[in-house]
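**Student:** Quick mapping for you: the protein sequence lines, in order, are chains A and B. Plus 692 on top of the position in the first sequence (first one is 1) and you've got my numbering. Plus 16 on top of the position in the second sequence (first one is 1) and you've got my numbering. Even glycine gets a Cβ: it sits at the ideal position worked out from N, Cα and C. Supplied in structure tokens, the structure appears directly below.
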Amino acid sequence: MDQEKKLSEQESLLIIQQMIQTAKQEQKDDGKGWILWGWLLFAASVFTYINLKTQWFSNYFFWNIFGIASLLLLLFSIIRVLFFKKTRKVKTYTAELFHKLNIGFFISLLLIIVAINRGVSPVLGFSLLLGLYGFWILIYGAGLNFKPSIIGAYITWAFAFAGLFVETFDWTMIFHAMAVLLGYIIPGHLANIEFNKAHGQEK
Amino acid sequence: MFKDLDPILHSQLRLAVMSLLISVKEAEFTFLKEKTNSTAGNLSVQIQKLKEAGYIEVIKQFKDNYPQTICKITSAGIKAFEEYVKNLQGYLTQK
Chain A
693 MDQEKKLSEQ ESLLIIQQMI QTAKQEQKDD GKGWILWGWL LFAASVFTYI NLKTQWFSNY
753 FFWNIFGIAS LLLLLFSIIR VLFFKKTRKV KTYTAELFHK LNIGFFISLL LIIVAINRGV
813 SPVLGFSLLL GLYGFWILIY GAGLNFKPSI IGAYITWAFA FAGLFVETFD WTMIFHAMAV
873 LLGYIIPGHL ANIEFNKAHG QEK
Chain B
17 MFKDLDPILH SQLRLAVMSL LISVKEAEFT FLKEKTNSTA GNLSVQIQKL KEAGYIEVIK
77 QFKDNYPQTI CKITSAGIKA FEEYVKNLQG YLTQK
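Encoded structure:
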């Protein structure tokens, strides 16, 4: 870029537009987190539903597997951050906000999981979990101006609300799987497609 | 009567740097170089001018034994940029 070139007003405006657009690309999320957690949660719900019908294992067997998988993923993330940390060349306001919200989300998640293990009915507990998912999905969608997530958040809340009135845990699992499919998986894949398109265009 | 456009901002590379920095919290020198498609020497000079004007803050540090230069826009920079855009709009609506 030649800095000494005389600029017209139109050229100035074009530079501003181009650079702000470039910076906006940095705010895009690849959706991989939603896809990974979405499919894990979906699989745990569906397998738990099948297990409730067939009684192969104890009722929460697949959620225990999910818990172990989550711990392994957490361990993997810690190792990656400690030893293979990729330094980001730019810090955006949304990334900072999401990082802080993630901490709040996981603490709240842990509280509900402990509450379920301490006696809160799993039928009600999973509705509370869905309520929390909806909250995070909405903030993500609003922060990135990503409509599929905003819609997904309201759908997740609808399932959370409906889940308060079901009697049996198999219905809870169906609602959970549906909410995760519409709130996590589909928006996650759409975000990934958009991200790849945007970054493909850049190259 | 239109106000003159701020000469510090009315330059291709400095305006590009400011437009990038206004949209993010902070950015590394290498990021600015890559996105503005400029040379390191030219970018250094322009960043220094923006810093002297008080429009940006430059933090030089070491990360994993490598030097790192981080730039972030200051509140004076935000004000100047907003004023520049306002004046620019004035010129464009007149035409």
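For the alpha helix (DSSP H) holding residue 814 of chain A, just list the boundary residues, first then last.
**Tutor:** 814-835 is the span of the alpha helix (DSSP H), which, as asked, contains residue 814 of chain A.
**Student:** Residues in the segment 701-721 of chain A with C-beta within 7 Å of chain B's C-beta atoms, listed in sequence order?
**Tutor:** Residues 701, 704, 705, 707, 708, 711, 712, 714, 715, 716 and 718.
**Student:** Is there a C-beta anywhere in chain B that falls below 9 Å from the one on residue 792 of chain A?
**Tutor:** Not closer than 9 Å to any Cβ of chain B, the Cβ of residue 792 of chain A fails to qualify, so no.
**Student:** Using a Cβ cut-off of 9 Å (strictly closer), state whether residue 107 of chain B contacts chain A.
**Tutor:** Taking Cβ atoms only, chain A reaches closer than 9 Å to residue 107 of chain B, which makes this a yes.
**Student:** Give me the DSSP bridge partner(s) of residue 770 of chain A.
**Tutor:** None, per the DSSP bridge assignment.
**Student:** In chain order, what residues of the same chain have a beta carbon less than 7 Å from the beta carbon of residue 758 of chain A, not counting five sequence neighbours either side?
**Tutor:** So the qualifying residues of the chain are 732 and 736.
**Student:** Nearest to residue 822 of chain A by alpha carbon, out of A:852, A:839, A:728 and A:887?
**Tutor:** Of A:852, A:839, A:728 and A:887, the residue nearest in Cα terms is A:852.
**Student:** Take residue 807 of chain A and list the residues in its own chain whose beta-carbon comes closer than 7 Å to its own, dropping the five residues that flank it on each side.
**Tutor:** 817.
**Student:** Rounded to whole angstroms, what is the Cα-Cα separation between residue 850 of chain A and residue 727 of chain A?
**Tutor:** Spanning the two alpha carbons is a distance of roughly 21 Å.
**Student:** Does the contact criterion of 3 or more C-beta pairs under 8 Å hold for the segment 21-40 of chain B versus the segment 707-719 of chain A?
**Tutor:** The segment 21-40 of chain B vs the segment 707-719 of chain A: in contact.
**Student:** Thinking C-beta only, is residue 865 of chain A closer than 9 Å to residue 773 of chain A?
**Tutor:** No, the pair does not count as a contact, with Cβ atoms beyond the cut-off.
**Student:** If you run the structure through DSSP and keep just helix, strand and coil, what is residue 712 of chain A?
**Tutor:** The answer is helix: DSSP assigns residue 712 of chain A an H, G or I state.
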